[in-house]
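Structure first, then comments.
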Amino acid sequence: MDKQWQTIIWQQFGAAIDMLGSALNACPSELWQAQLYNDRSVQPEFTAFWYVTYHTIFWLDFYLADSIETFSPPPPFTLSEFEAGLLPERVYTKAELQSYLAYS
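Note that the working numbering numbers the sequence shown so that position 63 is 252, with each residue one more than the last.
Here is the structure:
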């Protein structure tokens, strides 16, 4: 791929990550566990703002990891995303997800 295209794509990827961070920072506490959309084929908990944000950060971390075989998210996060239909054991806080995004 041409170096100029690589730069353009990386800048857009970075902008998308920045936008995720902005949305995370701007989310008021009363909407933290609110459903973002209605989809009868998905458990309502999977549509909550905190979970969609966590899911996005987890997979960002995974796909940017040096090695898939040794991938491990930082505590308190687990590998629960690899299990279809399984939510994390608890709702993660805004501060935890902000730290995870900064880590990623």
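C-beta atoms are modelled at their ideal positions from N, C-alpha and C, and glycine is treated no differently. Predicted model only: the values in this text are computed from it and were never measured.
- A straight-line Cα-Cα distance of about 43 Å links Lys192 and Glu278.
- Residue pairing of Gln224 in beta bridges, as defined by DSSP: Ala237.
- With contacts defined as CB atoms closer than 7 Å, Ile257 and Leu290 fail to qualify as a contacting pair.
- Within the model, the alpha-carbon separation for Glu219 versus Phe202 is close to 29 Å.
- For Leu213, the enclosing alpha helix (DSSP H) begins and ends at Lys192 to Ala215.
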